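Residue numbers for the sequence shown, in this note's numbering: 6 to 295.
All C-beta atoms in this analysis are idealised placements derived from N, C-alpha and C, irrespective of residue type, glycine included.
Keep in mind the model is a prediction, meaning the values are calculated, not measured.
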Amino acid sequence: MTAFWSCDNTQPKRAQTIVSGKVKVITDETLLPVMEEQVAVFEHLYDRTEVDMTSAQENQIINKLLNGEVEVAVLTRQLTARENEFFKKRKFTPRVYRFAIDAVAVVVNKQVSDSVITLDHLVKIMRGEETGAALNRLVFDNPNSSTVRFLKEIAGVDSLPPSGVYALKSNLDVLKYVYETPQSVGVVGVSWIVRPDNETKKYVEGIKVLAIKGRDGEPAGSGYYKPSQSNLADSLYALARPVYIINAEPRKSLGMGFAAHLTGESGQRVILKAGLLPDSIPPRELIIRE
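Written out as structure tokens, the structure reads:
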């Protein structure tokens, strides 16, 4: 998607266009650090804009989108056929753009000797099966989060087991819990680890990211891989997932401009710095001196 606006500052600050006015955006909480950075860059580039960014769990975001409480959302999945049917009844189709590949990171306390884990091990925990290993307590951010839904889909289960899997309130809570509880395994969005803020940094310094081996027969099953950008690009990391911006504005407004930013060069560079894989990798110019 190509950015197509100018930086003309002749319009009033509150005029609702693709480069001015105010828009309310709700993002998946696992992506909050990188999306806060995106908002800061966007508002700096286009000083007549104001993006009201909030975060929530996946189920809450979908409900707000369908109820019309918010028109622009950032999710790690597309809308389902049933959800799209809701908009079809209103004779409207939301605009959906993929702009990144995210990694769900698996973390443990630095005191833990293990540095690797298999996807089969995680699946067994999700199914409530005995793993025979010390690392058998899986901690998520929230029972309604996208990471829980993602792992449930991989494990092929509809609900969490009565023991072995725990849900807190946020990604920060997971990092803090793993920092304080060596026998636990945390599941968080990778951007919470790559560029931590002052509050998060203490906990990030006390944990480590495990390398994961995927299923046999798949590229990610050929070895143990960490959630690096190169591994995401080569489809070697087992817990990778796409990131979308869903624009349900019935008119051309600031939501379209923000989507253009995310998919354009400036937004893709933010993605690159945040440790996710950009949907289109920004070019780099090399100056070769004689």
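Residue environment for Asp-146: buried (at least 16 other C-beta atoms within 10 angstroms of its C-beta). In this structure, the CA atom of Gln-43 is about 18 Å from the CA atom of Asn-203.
Excluding five sequence positions before and after Gly-226, the CB atoms of its chain that fall closer than 7 Å to its own CB belong to Lys-218, Gly-219 and Arg-220, given in chain order.
When beta bridges are read from the DSSP output, Phe-145 appears opposite Ala-172. Residue environment: His-49 is assigned as exposed (fewer than 16 neighbouring CB atoms within 10 Å of its CB, all protein chains considered). For Val-162 and Leu-180, the gap between their C-alpha atoms comes out near 25 Å. For Asp-107, the beta-bridge partners assigned by DSSP are Arg-246. For Asp-33, there is no enclosing alpha helix (DSSP H); the enclosing beta strand (DSSP E) covers residues 26-33. In the DSSP annotation of this structure, Leu-80 is not part of any alpha helix (DSSP H); the continuous beta strand (DSSP E) holding it starts and ends at 77-80. Residue range 212-214 is occupied by the beta strand (DSSP E) that includes Val-214.
If the five residues before and after Tyr-184 are omitted, its C-beta is found closer than 7 Å to the C-beta atoms of Asn-114, Tyr-208, Gly-211 and Ile-212, all from its own chain and listed in chain order. With fewer than three CB-CB distances shorter than 8 Å, the region 164-180 does not count as touching the region 83-91.
Listed as beta-bridge partners of Arg-100 by DSSP are Asn-252. Under the criterion of beta carbons closer than 8 Å, Tyr-182 and Gly-191 qualify as touching, at roughly 7 Å. Annotation for Glu-55: the continuous beta strand (DSSP E) segment containing it runs 54-61.
When the Cα atoms are used, Val-111 and Ser-25 turn out to be separated by approximately 40 Å.
Note that the region 68-77 touches the region 244-253; at least 3 beta-carbon pairs, one per stretch, sit closer than 8 Å. Going by beta carbons, Thr-35 and Ser-151 fall inside the 9 Å limit. Take the alpha-carbon of Tyr-171 and the one of Pro-99: they are about 34 Å apart. Residue range 189-194 is occupied by the beta strand (DSSP E) that includes Val-193. For Ile-122, the uninterrupted beta strand (DSSP E) run begins and ends at 121-123, by DSSP. By the neighbour-count criterion, in which 16 or more other beta carbons inside 10 Å mark a residue as buried, Asp-33 falls on the buried side. Between Ala-160 and Arg-200, the C-beta gap is not smaller than 9 Å, which leaves the two residues out of contact. Rounded to whole angstroms, Lys-94 and Leu-71 show a C-alpha spacing of 12 Å. In this chain, the alpha helix (DSSP H) harbouring Pro-38 covers 37-50. If you compare the alpha carbons of Phe-104, Pro-148, Glu-158 and Leu-84 with that of Glu-270, the shortest gap goes to Phe-104. If you draw a straight line from the Cα of Asp-107 to the Cα of Pro-247, it comes to about 6 Å.
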